[in-house]
Ligand SMILES: Nc1ncnc2c1ncn2[C@@H]1O[C@H](COP(=O)(O)OP(=O)(O)OP(=O)(O)O)[C@@H](O)[C@H]1O
Ligand SMILES: [Mg+2]
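Numbering (our numbering), first residue to last: 709 to 949.
Here you go:
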């Protein structure tokens, strides 16, 4: 296994409690798929560094493990990172397809994970919001829907720039990441309102970087904390959104 892929816990430790919770999120997304197509899913948060790219990369791996054709698409054109997570080149990517008419097949990368393709950012543009809101981008996503079962789009924090709201307008669902002990509740409320204002379908929130107290992070205390909320400062934060 490459050193880079070792960073993705769903690959490195598929039986760990954290990987198990990613499978739980995957199941929730699958269940939210009953009445409405849930094919294009993006991620955002209120602030930087709450774990959006980590969460979306792990979700992409988990869906690919179901023998689904999955694309992980870089939608953070200001601070792209998916190419680093999968150790692929960022020379040809989304912006090259949209601005330079490069062929998708020339830019997309296969990964060591079966069924998982990754499309990086490409040349970083001066006008990310304009590119993301362009007709060409929307048509591109429509064309990807025909080939992939799931398209996961990483996005910047909506508390800082509008890009995630734009991406949400052509996504079927949005996953909101909340960094434990990191997220400001008022910023999170503003972020949620911004998503609602553009009609985003927020399918759930992920409380990330949650650390169980005690000397181990085991299966039982993980679920205990979540289900009982006895030590629930973080749980209260998520519930207040
Ligand atoms: N559950 C976690 N436990 C510990 N560290 C984590 C966890 N999730 C993410 N991190 C770490 O936090 C940092 C930020 O994660 P990541 O890049 O996924 O966040 P982001 O929200 O995408 O950031 P940005 O807003 O800059 O795009 C990284 O160093 C990552 O390895
Ligand atoms: Mg990121």
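Glycine included, every Cβ here is placed at the ideal spot set by N, Cα and C.
Notebook entry, point to check: Does ligand 2 have even one heavy atom less than 7 Å from the beta-carbon of residue 892?
Noted result: Numbered from its first residue, the chain shown carries residue 892 at position 184. No; taking the cut-off as 7 Å, the Cβ of residue 892 has no heavy atom of ligand 2 nearer than that.
Notebook entry, point to check: Buried or exposed: residue 901, going by 16 or more other Cβ atoms within 10 Å of its Cβ?
Noted result: Here residue 901 corresponds to residue number 193 of the chain shown, with the count starting at 1. Its Cβ having fewer than 16 others within 10 Å, residue 901 is exposed.
Next item on the list: Would you kindly work out how many angstroms separate the C-alpha atoms of residue 840 and residue 914, rounded to a whole number?
Entry: Locating residue 840 in the chain shown gives position 132, where the first residue counts as 1. Locating residue 914 in the chain shown gives position 206, where the first residue counts as 1. Computed Cα separation, rounded: 24 Å.
Note to self: To test your reading of the DSSP string, which unbroken beta strand (DSSP E) runs of 3 or more residues are found completely within the segment 822–901?
What the structure shows: 824–827, 858–862 and 881–887
Check: With distances taken from CA atoms, which of 731, 733, 772 and 835 is nearest residue 859?
Finding: One-based indexing of the chain shown puts residue 859 at position 151. Answer by Cα proximity: 772.
Check: So the beta strand (DSSP E) residue 912 belongs to, where does it begin and stop?
Finding: Along the chain shown, read from residue 1 onward, the residue named residue 912 stands at position 204. Residues 910–916.
Margin query: Is residue 789 near ligand 1 - that is, is its Cβ less than 7 Å away from at least one heavy atom of it?
Written below: Looking up residue 789 in the chain shown gives position 81. For ligand 1, at least one heavy atom lies less than 7 Å from the Cβ of residue 789.
Margin query: Taking the straight line between their C-alpha atoms, what separation do you get for residue 857 and residue 821?
Written below: The residue labelled residue 857 in the question sits at position 149 within the chain shown. The residue labelled residue 821 in the question sits at position 113 within the chain shown. So the two alpha carbons sit approximately 15 Å from each other.
Item checked: Inter-stretch contact (C-beta, 8 Å, three-pair minimum) for the segment 749–767 and the segment 869–886 -> yes
Note to self: So that I know if they touch, is there some Cβ in chain B lying closer than 8 Å to that of residue 810?
What the structure shows: Among the chains in the structure shown there is no chain B, since it carries only a single protein chain.
Next item on the list: Confirm, please, whether the CB-CB distance from residue 778 to residue 719 is below 8 Å.
Entry: Taking the first residue of the chain shown as 1, we reach residue 719 at position 11. Taking the first residue of the chain shown as 1, we reach residue 778 at position 70. No, Cβ-Cβ distance for residue 719 and residue 778 is not below 8 Å.
Next item on the list: Count the CB pairs spanning the segment 804–814 and the segment 878–890 that are closer than 8 Å, and state whether there are at least three.
Entry: no
Notebook entry, point to check: Within 7 Å: the Cβ of residue 782 and any heavy atom of ligand 1?
Noted result: The residue given as residue 782 occupies position 74 in the chain shown. Checking the Cβ of residue 782 against ligand 1 gives no.
Notebook entry, point to check: Which residue's Cα is closest to the Cα of residue 894: 776, 755 and 801?
Noted result: Taking the first residue of the chain shown as position 1, residue 894 is located at position 186. Residue 755 is the option with its Cα nearest to residue 894.
Margin query: Please return the same chain residues whose Cβ sits closer than 7 Å to the Cβ of residue 1006, not counting the five positions on each side in sequence.
Written below: The requested residue 1006 is not part of the displayed model; the chain covers only 709 to 949.
Margin query: Could you check whether the Cβ of residue 871 sits closer than 7 Å to any heavy atom belonging to ligand 2?
Written below: Along the chain shown, read from residue 1 onward, the residue named residue 871 stands at position 163. For ligand 2, not one heavy atom lies less than 7 Å from the Cβ of residue 871.
Note to self: Give me, in chain order, the residues of the same chain whose beta-carbon lies closer than 8 Å to that of residue 842; leave out the 5 immediate sequence neighbours on both sides.
What the structure shows: On the chain shown, position 134 is the one that residue 842 refers to. Around residue 842: 806.
Note to self: From the DSSP secondary-structure annotation, give me the bridge partner or partners of residue 752.
What the structure shows: As a working mapping, residue 752 is identified with position 44 in the chain shown. Note: residue 752 sits in a beta bridge opposite 884.
Note to self: With the cut-off set at 8 Å, would you say residue 761 and residue 729 are in Cβ contact?
What the structure shows: Looking up residue 761 in the chain shown gives position 53. Looking up residue 729 in the chain shown gives position 21. No, these two residues do not count as a Cβ contact at 8 Å.
Check: Where does residue 814 sit, in a helix, a strand or coil, going by DSSP?
Finding: Walking along the chain shown from the start, residue 814 turns up at place 106. Helix.
Next item on the list: Taking residue 731 as the reference, give the member of 787, 739 and 767 with the closest Cα.
Entry: Here residue 731 is taken as the residue at index 23 of the chain shown, counted from 1. Per the Cα distances, 767.
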